[in-house]
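One structure below.
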Amino acid sequence: MIDGLRVSAFLAGKALQRGNKGTLVLTVMIIALVFVNLVFLPSIVAGVVAMFNQQSVDYNYGNLVIEPRENEQAIEGAGVLVRRIERIPGVLAVSPRLTAGGTVTFHGTSLARSVIGIDPSEERRVTRTSTRMIEGVYLSNGDTDAAVIGRTIAGNEDPRLDTQDSLGGVHVGDSITVTYTNGAIRRYLVKGIFQTDSYSTDASVFVTRRELEGVTGRSDQASQLLVRTVVDGDEEAFRLRLYSYGVQETVKTWQEKSRGIIGDVTNSFAIINLISTAVSLVIAIVVIFIVVFINTVNRRRQIGILKAIGIEPRLIVGSYVIQVLVICGAGAAAGLVLLAGVVQYLTLYPLRFPGGPVLPVVELLQVAQSVASLFVVSTIAGYIPAWKVAGEEILEAIRG
Amino acid sequence: MIAAEGITRVYHMGAVDVHALGGVSFEIERGEFVGIMGSSGSGKSTLLHILGLLDRPTSGRLEVDGVDVLGLSDREQTRFRLRRLGYVFQDYALISELTALENVFLSSLVRGAARDEYLRTAREILEEVGLGDRTDHQQYELSGGEQQRVAIARALVNRPAIVFADEPCANLDTATSRTILDLFARLNRELGQTIVMVSHEDWHRRYFCRVVNLRDGLVEGIEDQPCVPHEDI
Chain A
97 MIDGLRVSAF LAGKALQRGN KGTLVLTVMI IALVFVNLVF LPSIVAGVVA
147 MFNQQSVDYN YGNLVIEPRE NEQAIEGAGV LVRRIERIPG VLAVSPRLTA
197 GGTVTFHGTS LARSVIGIDP SEERRVTRTS TRMIEGVYLS NGDTDAAVIG
247 RTIAGNEDPR LDTQDSLGGV HVGDSITVTY TNGAIRRYLV KGIFQTDSYS
297 TDASVFVTRR ELEGVTGRSD QASQLLVRTV VDGDEEAFRL RLYSYGVQET
347 VKTWQEKSRG IIGDVTNSFA IINLISTAVS LVIAIVVIFI VVFINTVNRR
397 RQIGILKAIG IEPRLIVGSY VIQVLVICGA GAAAGLVLLA GVVQYLTLYP
447 LRFPGGPVLP VVELLQVAQS VASLFVVSTI AGYIPAWKVA GEEILEAIRG
Chain B
75 MIAAEGITRV YHMGAVDVHA LGGVSFEIER GEFVGIMGSS GSGKSTLLHI
125 LGLLDRPTSG RLEVDGVDVL GLSDREQTRF RLRRLGYVFQ DYALISELTA
175 LENVFLSSLV RGAARDEYLR TAREILEEVG LGDRTDHQQY ELSGGEQQRV
225 AIARALVNRP AIVFADEPCA NLDTATSRTI LDLFARLNRE LGQTIVMVSH
275 EDWHRRYFCR VVNLRDGLVE GIEDQPCVPH EDI
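In order, the protein sequence lines correspond to chains A and B.
With the first letter of the first sequence counted as 1, position 154 gets the number 250 in my numbering; the numbers rise by one all the way through.
With the first letter of the second sequence counted as 1, position 60 gets the number 134 in my numbering; the numbers rise by one all the way through.
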């Protein structure tokens, strides 16, 4: 067995060392590209998912969302609850939000929207919307006649430039009118316009919670509390911690809140990913099979000679499998270098998706799986043609 | 050493059966340098392939070095070839990616010999065939005669019972052919190496101890002739 391996390794080594270098380099590059193909699309998909997830945390929900108890419309005593939650270890900040339905009108264009009332100073600590102002400035705590609105709802004078319904080109300094569902009508000066690239946030209108309390007549109430934790990724444990500290309202993680359209998008990407991986592996099998097949067919005579001098077919097949594994290893290594270059480039110059810039996320498990699958398919694709040629009659093989 | 009895070989070419060998019987003794001669199409290469276990006869009985080789499985035949037989092909049949030395020691490596041992043996044999200074050259760096001498060294490296040579001088000029035949004769004379060689060149005849003449797949005659004396093994 070990002697056999020694012979196969010897033949493989010499074939690689002294065979056609151009073919060798080409084959390694093909494998490298197949490897990149196996990892790149999943890394982009993972990047898109990561972008959506980050947007969910940064602009929509924070880490956790506290909602009214079952059968209740609002969180009562929001101020006390906010202060209680802020004292829980690991909580960075809490932002109460009050929402009210209404119709927003600008120059005769009306859109039905929920107006969100926020405490600007708290909201700044929980979400990052205040850092994404493209015009004007963010709200201040004392603002009552001002609003900040998203880029999408602000829109453009030319409706062809809009991706969703908009107010037709609102700018800072313009006034918008909000007709609330309770019949109250308010006119707000647009103080700022933000662009977060989050679809839902960019279609929102923010005023201060104090203003909305005045409009709705609700006091010390919140529709939801957004909670930002010091560390991301431990939301489930924090939910239990909030309950253990006596929070009786419903606590949801951002992941739960993001289910629905984001979940559907993520699942759709996962399916696309699976199909892409399967196609890439089939391409890998076909390419490696063709390369090894041509290689073995071209060496039929040599294989015949090896058999004639007493080398068993299994050793000959072994030498081809070792060659394929070495080529595959080199291809995977070259692919890793190539991938690192591409990832580095796309980190500096991210792909701009409609939802925002996407950085590729290369997961170690994905890389390991791709390398493993590449080795498996290479072994199969290398074994079959070598076994076929090595099984030929000696004289037939020698005669080519 | 070799006992062939009623060896036939029929090739089925579509609807036509081609009888390459029609029942060949003869014996070869240990230490002989035997020539199998005949014109093109006489079946001499087919016979050599069968004797060398590169092909199986359609019928007949064949004993090589005391073994009923036709009863061996393919794998057993492969091992038999490795350990007891050596081959020299018409067109050298070297492995192009290996150096002269590597071509020679390959079958020792397959036999599981230690590195020091197979390197020493291969160098000695290459020295023996006059290529001691060409060990690290690849096939493309060697002349036809040198390549054939590497092939002879490869055939001898495992000290085989019999060396089969299939028209080893067919691609060589007369002077180089003479060098190769002299080498065979010397190996036969000095080492007592049994050699079975196919040739159609009449002037080769004088190198052989016995000549098996084939015609249309049948033994036309066997000539015993004075050969270069050799020591008994």
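Positions of the beta carbon are idealized from the N, C-alpha and C atoms, including for glycine.
- Taking C-alpha positions only, residue 426 (chain A) is separated from residue 128 (chain A) by approximately 8 Å.
- Membership of residue 95 (chain B) in the beta strand (DSSP E) is indicated by the continuous run 90 to 102.
- The DSSP assignment places 236 to 240 and 268 to 273 as complete runs of the beta strand (DSSP E) inside the stretch 191 to 278 of chain B, in order along the chain (cut-off: 3 residues).
- Note that the C-beta distance between residue 320 (chain A) and residue 163 (chain A) is below 8 Å.
- The C-beta of residue 398 (chain A) comes closer than 8 Å to at least one C-beta of chain B.
- Assigned with DSSP and collapsed to three states, residue 140 (chain B) falls in coil, not helix or strand.
- The beta carbon of residue 298 (chain B) is closer than 8 Å to those of 283 and 284 in its chain, skipping five residues each way along the sequence.
- Contact check between the stretch 104 to 122 of chain B and the stretch 264 to 276 of chain B: three or more CB pairs, one atom from each, fall below 8 Å, which counts as touching.
- Taking residue 244 (chain B) as the centre and dropping the five residues before and after it, the same chain places the C-beta of 164 closer than 6 Å to its C-beta, in chain order.
- When secondary structure is reduced to three states using DSSP, residue 147 (chain A) falls in the helix class.
- Counting only runs of 3+ residues, the beta strand (DSSP E) found wholly inside the stretch 108 to 161 of chain B occupies 133 to 138, in chain order.
- Listed by position along chain B, the residues whose Cβ is nearer than 7 Å to that of residue 103 (chain A) are 183 and 184.
- Listed along chain B, the residues sitting closer than 7 Å to residue 115 (chain A) by beta-carbon distance are 171.
- Two segments are said to touch when three or more pairs of C-beta atoms, one from each, lie closer than 8 Å; by this definition the stretch 279 to 299 of chain A touches the stretch 224 to 233 of chain A.
- Taking a Cβ-Cβ cut-off of 9 Å, the neighbours of residue 176 (chain B) in chain A comprise 106 and 110, given in sequence order.
- Contact between the stretch 417 to 425 of chain A and the stretch 460 to 476 of chain A is established, with three or more Cβ pairs separated by less than 8 Å.
- Scanning chain B for C-beta atoms nearer than 9 Å to the C-beta of residue 401 (chain A) yields 161, 163, 167, 168 and 169, reported in chain order.
- Using a CB distance cut-off of 8 Å, residue 132 (chain B) does not count as an interface residue toward chain A.
- Under DSSP, residue 447 (chain A) takes part in a beta bridge, and its partners are A:454.
- Of all residues in the stretch 269 to 292 of chain B, none comes within less than 9 Å of chain A when Cβ atoms are compared.
- A residue is called buried when at least 16 other Cβ atoms come within 10 angstroms of its Cβ; residue 345 (chain A) meets this threshold and is buried.
- Of all alpha-carbon atoms in A:450, A:405 and A:434, the one lying nearest the alpha-carbon of residue 127 (chain B) is that of A:405.
- For the 8 Å CB-CB criterion, residue 141 (chain A) and residue 368 (chain A) form a contact.
- Looking only at A:332, A:300, A:276 and A:122, the smallest Cα-Cα distance to residue 312 (chain A) is reached by A:276.
- Uninterrupted beta strand (DSSP E) stretches at least 3 residues long and entirely within the stretch 126 to 172 of chain A occur at 160 to 163, given in chain order.
- For residue 294 (chain B), the uninterrupted beta strand (DSSP E) segment begins and ends at 292 to 298.
- Against residue 414 (chain A), chain B offers no close residue; the least beta-carbon distance is about 12 Å (beta-carbon pairs closer than 9 Å).
- Listed by position along chain A, the residues whose Cβ is nearer than 7 Å to that of residue 129 (chain B) are 491.
- The beta-carbon separation of residue 200 (chain A) and residue 257 (chain A), rounded to 19 Å, does not stay under the 8 Å limit for a contact.
- Within the model, the alpha-carbon separation for residue 224 (chain B) versus residue 205 (chain B) is close to 8 Å.
- For the options A:134, A:429 and A:192, the alpha carbon positioned closest to that of residue 309 (chain A) is the one of A:192.
- Inter-segment contact for the stretch 149 to 167 of chain B and the stretch 395 to 413 of chain A is present: three or more beta-carbon pairs are separated by less than 8 Å.
- Residue range 357 to 394 is occupied by the alpha helix (DSSP H) that includes residue 391 (chain A).
- Scanning A:493, A:460 and A:113 for the CA closest to the CA of residue 134 (chain A) turns up A:460.
- Of the residues assessed, residue 228 (chain A) falls on the buried side of the cut-off, its CB having 16 or more other CB atoms within 10 angstroms.
- Setting aside the 5 residues that flank it on each side, residue 283 (chain A) is surrounded in the same chain by 271 and 273, each with a C-beta closer than 7 Å to its C-beta; the list follows chain order.
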